[in-house]
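Shown next, in C-alpha cells, is the structure this report addresses.
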DNA sequence: CGGCAATCTTTTGCATACAAACAAACTCCG
DNA sequence: CGGAGTTTGTTTGTATGCAAAAGATTGCCG
C-alpha cells in the first residue's frame, strides 16, 4: 500500500516566502509610507545606474515591461522621476531621477536599510548572512 | 567625515524575496497551470481543515478578507469550491471543496511538492531545511 | 432587555505582477 | 538597398494584495 504524501502548506517554500514578504511589506509601508518597495527599488537603481531606458530599468529591477510602465508612470506623477525621449533611438523612453527623487532616496536610504534590519531582526548576524546567501542561490 | 551608508539593492531582503518568489511562481504556473499558488493554498487548507467560513479560511491562508473573497469567487467559478450560508450565523459564508476540487487537489498534490523541490533545487537537503527554518522565524 | 462593541462580508480604490498582442523603430544580413 | 527579425513601449485582461468604509448580524454586558 502506498501512503499518500502529505502536503504541509506551512512548510512549502512558496507559502513561507509569501508570509515573510507580507511582514516585510508591512514594516516597509509603516516606515516609508511615501513609496512602495517596488518604487523604492526603482529609485535605488536609478540612483545607482543613472538615467536608463524604461525597458532596461525594468530588467535591472526584475519588473516586466508592463509593470515597469505603471511604476514609472506613478513615480512621474509624484514628481520623483522624469521621462524624456531618447535622441538616438526614438523607440526609447529615458527615465531619470528628478531633484525630488534624488532627495527622497538620499533621505530615506538609511531608513531602507533599517527596514531590512527589522525584517531580519529575529536572526543574528551569521544567520542573516546565511539566509541571504541561500536565497540568492535560488534566484 | 561620515561616509554615507551604501544601499545594495541586490542584497536587500525584500528585493531578494521578490525575485525568489518570481522564480517560484514561474515554476508553479508551468507545472500546474489550472490554478495559481494562492488558489492552491486555499484548496490545500480546505482539504486539511474541511469546510470553513470565508474569513476563517482567509486567516488560515494569510489572505485578508478582500483578497480571499476574490480567490473564493474565482475558485467557485471554476467549480472547485462551493459556498453556502451558515445556518447558525447568518453573517457567515461557508466555503467547501467540491468533488472536482478534491480531485484536483489530490491529483496535483505530488506535483505541488515537486514544485517546492524544484524551487529549492540549487540547495542540498541540509540547506533546504536551514532555509525554511530561518524563513519561518521571520514570519 | 437594550445598546454597543466585535465579527463577517462586500465594495471601492490603489498598486503590483504577468501574458498576450500590437505598432513603431531599429539592426543586420543578403 | 530592402526586408526579416528583434527591441521598445503600450494596451488589455486577469489575479493577487492591502486599506478603508459600509451594512448586516451577533454577542455580551450592564
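Protein chains in written order, with the numbering used here: chain S, 44 to 182; chain R, 44 to 182. Just so it is clear, CB atoms sit at the ideal spot from N, CA and C, and this is done for glycine as well. No experiment lies behind these values; they were computed from the predicted model shown.
Of all residues in the stretch 94 to 110 of chain S, the ones placed with a Cβ closer than 7 Å to any Cβ belonging to chain R are 105, in chain order.
Sequence-distant partners of residue 127(S) (beyond 5 residues in either direction) whose C-beta falls short of 6 Å from its own C-beta, in its chain, are 137. Nearest C-alpha to residue 93(S) among 46(S), 139(S) and 74(S): 139(S). Per DSSP, the beta bridge partners of residue 128(S) are 136(S). Listed along chain S are 47, 48 and 50, each with a C-beta nearer than 8 Å to that of residue 152(R). At a beta-carbon threshold of 7 Å, the residues of chain R lying near residue 80(S) are 57, ordered along the chain. The CB of residue 175(R) comes closer than 8 Å to the CB of 54, 56 and 59 in chain S, given here in chain order.
At least one CB atom of chain S sits nearer than 7 Å to the CB of residue 87(R). If you compare the alpha carbons of 59(S), 81(S) and 57(S) with that of residue 68(S), the shortest gap goes to 81(S). A residue is called buried once 16 or more other Cβ atoms fall within 10 Å of its Cβ, and residue 131(R), having fewer, is exposed.
With contacts defined as CB atoms closer than 7 Å, residue 149(S) and residue 96(S) fail to qualify as a contacting pair.
For residue 72(S), the closest Cβ of chain R is not nearer than 7 Å. In this structure, residue 59(S) places its C-beta atom within 7 Å of the C-beta atom of residue 178(R).
For the pair residue 113(R) and residue 143(R), the CB atoms are not nearer than the 7 Å cut-off. For the 7 Å CB-CB criterion, residue 163(S) and residue 171(S) form a contact. Per the coordinates, the alpha-carbon of residue 51(S) lies some 9 Å from the alpha-carbon of residue 88(R).
Judged by DSSP in its simplified three-state form, residue 55(R) adopts coil rather than helix or strand. The beta carbon of residue 170(S) sits closer than 7 Å to some beta carbon of chain R.
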